[in-house]
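I have placed the structure first, in the form of structure tokens, so that the comments after it can refer back to it.
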């Protein structure tokens, strides 16, 4: 276990199949499990721009794993390391291993989609957060997956102006292993939206005003049984820089 000057502690936990997951924490109090987005990391989504620190200062123990094939976590090349919905299995393993029985849960983009799948599978946090996610991002994920698979497959040939350019650039900046990332993308299953919308867990849907990457966030909020929608500034990429993201999460958790 290591601690940094920014009071982030990192623990290495071997998941259900032995793959090492890096789990970053800060703060004390009520646990909040936060999941980052595709090709990102806990550092990029939650730590770097101050969200984790501000949420911790509000009285929370913020727990931020690097997802499998991301950040400091393992990125195995063995297809057997990517069974169906492996990110859900990893999250369930962490919830059990960390002894989280009364906690809050949330995520950005892929992290929000994984949160939705956890809710649909019966996980019951006190409150949940879906950031950077719209209804079509849950119901039509196949198109998004195919987009990112193409970005990986064409990563050495796309030029500026290509619709895949930003995804490829971000993936390279983040040091993503393309082999592991492609295997992970193939593991994603559909979201059981019937089970999801039947859940009575309070959900914050928060999204950038110019973020349509995962479809309509207002529509997602309308579909859910007990949801609050909040709009902040930014696109899918820039909204994670906005202090308002942490502000909305803190306000939602507090009431």
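Numbering (full-length UniProt numbering), first residue to last: 1 to 255.
From the three backbone atoms N, C-alpha and C, an ideal C-beta is built for every residue, glycine too.
Reduced DSSP category for residue 236 - H, G, I as helix; E, B as strand; rest coil: DSSP, read as helix, strand or coil, puts residue 236 in coil.
Please report the Cβ distance between residue 240 and residue 108, rounded to the nearest whole angstrom; I am assuming they are in contact, meaning their Cβ atoms lie under 8 Å. The beta carbons of residue 240 and residue 108 sit about 6 Å from each other, so the pair counts as a contact at 8 Å.
Name the two residues that bound the continuous alpha helix (DSSP H) containing residue 115. First-last of the alpha helix (DSSP H) with residue 115: 110-120.
Starting from the C-beta of residue 69, find all residues in its chain whose C-beta is less than 6 Å away, skip the five residues before and the five after it, and write them out in chain order. Around residue 69: 75, 180, 181, 184.
Sort out for me which residues DSSP pairs residue 24 with in a bridge. Partner(s): 10, 64.
If we ignore side chains and look at the alpha-carbon of each, how far apart do residue 146 and residue 79 end up? If I take the Cα positions, the gap works out to 18 Å.
Count the other CB atoms within 10 Å of the CB of residue 90; is the residue buried (16 or more) or exposed (fewer)? Buried: at least 16 other Cβ atoms inside 10 Å.
Length of the line joining the Cα atoms of residue 42 and residue 187: Cα to Cα, residue 42 sits roughly 21 Å from residue 187.
Considering only residues of the segment 165-211, which uninterrupted alpha helix (DSSP H) runs meet the minimum length of 4 residues and lie entirely inside it, listed in chain order? Fully enclosed alpha helix (DSSP H) runs of 4 or longer: 165-173, 178-186, 193-198.
CA nearest to the CA of residue 200, picked from 30, 124, 54: Distance from the Cα of residue 200 is smallest, within the candidate group 30, 124, 54, for 124.
Three-state secondary structure (DSSP) of residue 106: Strand.
Environment of residue 173 [buried if 16+ CB atoms lie within 10 Å]: Under this definition residue 173 is an exposed residue.
By DSSP's criteria, residue 229 is part of a beta bridge. Which residues make up the other side? Beta-bridge partners assigned by DSSP to residue 229: 205.
Is residue 96 buried or exposed, if buried means 16 or more other CB atoms sit within 10 Å of its CB? Result: exposed.
Since residue 143 is in the alpha helix (DSSP H), which residue starts that stretch and which ends it? Where residue 143 is concerned, the enclosing alpha helix (DSSP H) starts and stops at 141-153.
So, for residue 211: in the same chain, excluding its five sequence neighbours on each side, which residues have a beta-carbon less than 7 Å away from its beta-carbon? Excluding positions up to five away in sequence, the list reads 132, 234, 235, 236, 239.
Looking only at its own chain, which residues have a Cβ that is under 6 Å from the Cβ of residue 195, when we skip the five neighbours before and after it? The answer, listed in chain order, is 120.
Secondary structure of residue 58, DSSP reduced to three states: If DSSP states are grouped into helix, strand and coil, residue 58 belongs with coil.
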